DNA sequence: CCGTTTCGATAACCCGGTGGAATGGATCGC
DNA sequence: GCGATCCATTCCACCGGGTTATCGAAACGG
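Protein chains in written order, with the working numbering: chain Z, 1 to 328; chain H, 329 to 656.
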């Protein structure tokens with residue numbers, strides 16, 4: 001039982017004759033004759049009565065037609081779907097993000113969904129290490145991780161993230177330069193993410209604190225960034241968070257990015273770090289390529305916006321010219 | 329999009345590896361590899377991750393699997409159905425019958441349905457001429473008609489039908505010999521089928537009346553045999569009907585076959601005629617062959633019964649040794 | 001009544017796809 | 001480190017299917 005034969009059956013039935021049907025199928029008439037004959041041999045009876053005016057289906061042919069049509073329809077559907085997969089317009093995409101991609105990943109996903117509504121996309125919150133693991137295992141198509149990433153994964157630098165001070169909005173704002181922030185923090189109660197949840201961020205904070213000799217008093221740990229910010233809002237203490245946290249912070253929390261001066265200042269590595277999208281180049285997927293294109297456009301557009309703002313600062317999300325995203 | 333590739337997808341997914349899947353599909357492993365590669369080229373992405381322990385589907389593969397399974401299942405179903413068609417175990421059969429097959433056709437259909445429950449069978453009541461037309465046009469697979477039939481149709485003599493007298497059961501029974509019946513009918517009120525409905529039967533009746541000089545008084549015509557018998561029951565008059573009408577007559581109607589003595593008596597052509605199953609040998613159908621086989625067995629069995637009864641009379645339905653089906 | 005036309009069927013041929021055997025290459029277990 | 005066990009690659013032979021050319025039959029039209 002070959003689908004080609006079913007197509008022949010449907011075509012001849014629809015066109016009412018072998019000649020036109022052959023044209024519709026883009027084959028020669030003898031070929032079509034042979035196809036119908038083959039099908040007739042398979043069912044053991046005539047499918048059409050060949051008359052002067054073309055051919056019309058016998059009862060046997062009529063009995064097979066509905067199922068044949070249905071099958072052909074489904075095959076065509078699946079073929080189209082395969083083509084969509086190939087063009088990246090269908091399928092599924094698993095994107096990981098963590099504290100690093102906390103504001104960009106959802107934007108990218110939203111933009112991607114608008115452009116490719118056929119692709120089911122899942123967004124998973126996980127640490128950079130877990131994302132790299134996931135990308136390697138094939139569970140994730142793309143991850144947004146703190147760079148550097150392992151060399152075996154392809155990467156695209158998406159933005160430069162910086163540390164920021166989260167402090168209650170009703171208090172005096174902290175300084176914006178690294179040295180000032182360190183001094184401001186010294187002895188001050190702070191809240192922090194657990195190392196288990198954000199190993200990269202914790203390491204970054206420790207790096208900053210070591211480099212600038214800030215020695216805050218750690219009064220509370222929390223297992224996610226939202227909670228950290230909530231604790232800050234509650235006045236438990238300040239916190240060092242990624243600047244992107246401004247997007248998810250309550251209005252009563254001030255998020256003040258620390259100036260890093262484009263990485264030229266002393267210890268700027270301790271203040272800012274680069275975030276990249278990573279993926280396994282061995283697992284090529286058009287849907288993923290499309291997603292990466294969207295991400296690229298998104299970062300390019302943002303960079304252009306920043307340039308339009310007149311500031312010469314390098315790509316990064318760190319707010320407007322005043323360097324502070326302030327209280328929202 | 330080829331079903332063969334979908335089969336490969338399903339097989340590899342089910343077997344968890346190329347080697348065993350190739351065995352299940354009865355192809356070599358390289359062939360299967362190429363099939364999967366072809367499918368992967370079509371969807372533009374890997375369908376399986378080939379590991380040390382066989383292969384397991386990627387998300388893309390998993391996305392395609394359900395539809396692939398469904399399609400393969402339907403194809404197999406249709407293939408099996410085609411095989412059933414070929415064996416005559418599925419399909420549809422249109423059987424025509426008229427006054428001639430009034431008792432045999434339903435029996436044959438019932439027996440056939442028992443043997444081949446997969447075949448949808450339709451039984452249509454129509455005149456011999458209409459049946460021959462239908463068989464020629466392909467609307468009917470088999471017809472039960474009064475012989476002779478046109479030479480271009482195949483035929484199988486099924487039984488010999490005879491004229492019978494239908495008379496009210498509460499009256500004196502008519503004679504059973506042709507001459508006696510003719511005398512009995514002379515001047516007697518009779519009911520008859522319209523010529524339009526049963527042209528063959530009417531011709532037969534006229535032949536009988538002419539041959540034996542019966543000149544009954546036609547008091548009423550009716551458009552079907554049931555009505556004729558009902559009118560007889562109501563005492564409107566007698567009627568000449570096929571002997572098979574005994575099977576459909578009410579208990580208050582006596583149906584007395586006219587003796588024909590195996591066709592040796594004078595004018596036996598006027599009393600009895602042969603009924604045959606006819607079909608178009610150009611339209612071969614296994615279902616029809618099966619039906620004809622059932623019909624043949626049925627007639628053989630009935631003939632054997634009659635022989636067992638000790639009578640040497642030729643094949644025919646005409647009752648037992650007493651030659652009368654009498655009042656039921 | 002005979003050509004003409006228009007169907008589908010048949011015959012002969014040819015190409016490309018498809019499968020098979022042998023081999024290679026990678027990875028894991030002992 | 002060697003063998004075992006997967007899958008991938010290569011090469012080749014075959015056949016299934018398509019095409020072109022032609023035929024046969026049936027319905028017109030002149």
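Even glycine gets a Cβ: it sits at the ideal position worked out from N, Cα and C.
All values reported here derive from a predicted model rather than from experimental measurement.
Less than 8 Å between C-beta atoms, sequence neighbours within five positions excluded: which residues of the same chain meet that for residue i?
i, result
"residue 75 of chain Z", "3"
"residue 357 of chain H", "346, 347 and 350"
"residue 651 of chain H", "Note on residue 651 of chain H: pLDDT 37, under 50, position unreliable in the model; no value is reported."
"residue 559 of chain H", "519, 548, 550, 565 and 567"
So, is the C-beta of residue i closer than 8 Å to a C-beta in chain H?
i, result
"residue 121 of chain Z", "no"
"residue 85 of chain Z", "yes"
"residue 92 of chain Z", "yes"
"residue 284 of chain Z", "yes"
"residue 348 of chain Z", "What is shown of chain Z runs 1 to 328, which leaves residue 348 of chain Z out entirely."
"residue 58 of chain Z", "yes"
"residue 33 of chain Z", "no"
"residue 78 of chain Z", "yes"
"residue 134 of chain Z", "no"
"residue 13 of chain Z", "no"
Counting contacts by CB-CB distance shorter than 8 Å, is residue i in contact with chain Z?
i, result
"residue 329 of chain H", "yes"
"residue 622 of chain H", "no"
"residue 397 of chain H", "no"
"residue 391 of chain H", "yes"
"residue 377 of chain H", "yes"
"residue 380 of chain H", "no"
"residue 402 of chain H", "yes"
"residue 372 of chain H", "yes"
"residue 466 of chain H", "yes"
"residue 410 of chain H", "yes"
Using DSSP's beta-bridge definition, name the partner residues of residue i.
i, result
"residue 601 of chain H", "H/489"
"residue 156 of chain Z", "Z/277"
"residue 472 of chain H", "H/605"
"residue 453 of chain H", "H/425"
For residue i, count the other beta carbons within 10 Å of its own beta carbon; 16 or more makes it buried, fewer makes it exposed. Which is it?
i, result
"residue 340 of chain H", "buried"
"residue 428 of chain H", "buried"
"residue 272 of chain Z", "buried"
"residue 489 of chain H", "buried"
"residue 606 of chain H", "buried"
"residue 276 of chain Z", "buried"
"residue 627 of chain H", "buried"
"residue 5 of chain Z", "buried"
"residue 148 of chain Z", "exposed"
"residue 41 of chain Z", "exposed"
Do you know whose CA, among the options, lies nearest residue i's CA?
i, options, result
"residue 293 of chain Z", "Z/194, Z/115 and Z/191", "Z/115"
"residue 445 of chain H", "H/421, H/460 and H/584", "H/421"
"residue 97 of chain Z", "Z/85, Z/88 and Z/146", "Z/146"
"residue 391 of chain H", "Z/82, Z/38 and Z/169", "Z/82"
"residue 583 of chain H", "H/367, H/495 and H/482", "H/495"
"residue 344 of chain H", "H/408, H/529, H/378 and H/532", "H/378"
"residue 449 of chain H", "H/455, H/416 and H/430", "H/416"
"residue 285 of chain Z", "Z/37, Z/84 and Z/67", "Z/84"
"residue 567 of chain H", "H/520, H/363 and H/509", "H/520"
"residue 68 of chain Z", "Z/43, Z/137 and Z/123", "Z/43"
"residue 376 of chain H", "H/408, H/414 and H/337", "H/337"
"residue 482 of chain H", "H/454, H/560 and H/464", "H/464"
"residue 197 of chain Z", "Z/300, Z/126 and Z/280", "Z/126"
"residue 480 of chain H", "H/512, H/631 and H/460", "H/460"
"residue 280 of chain Z", "Z/140, Z/104, Z/1 and Z/78", "Z/140"
"residue 169 of chain Z", "Z/235, Z/159 and Z/206", "Z/235"
"residue 268 of chain Z", "Z/54, Z/86 and Z/164", "Z/164"
"residue 144 of chain Z", "Z/138, Z/104 and Z/296", "Z/104"
Note down, in chain order, each residue of its chain lying with its Cβ closer than 6 Å to the Cβ of residue i, except the 5 sequence neighbours on either side.
i, result
"residue 543 of chain H", "514"
"residue 112 of chain Z", "291 and 294"
"residue 452 of chain H", "424"
For residue i, which residues from the same chain have a beta carbon less than 7 Å from its beta carbon, with the 5 sequence-adjacent residues on both sides left out?
i, result
"residue 335 of chain H", "353 and 400"
"residue 129 of chain Z", "199"
"residue 195 of chain Z", "202"
Under 7 Å from any heavy atom of the ligand GTP, does the C-beta of residue i make it?
i, result
"residue 521 of chain H", "As presented, the structure is devoid of all ligands, the ligand GTP included, so that no description of it is given."
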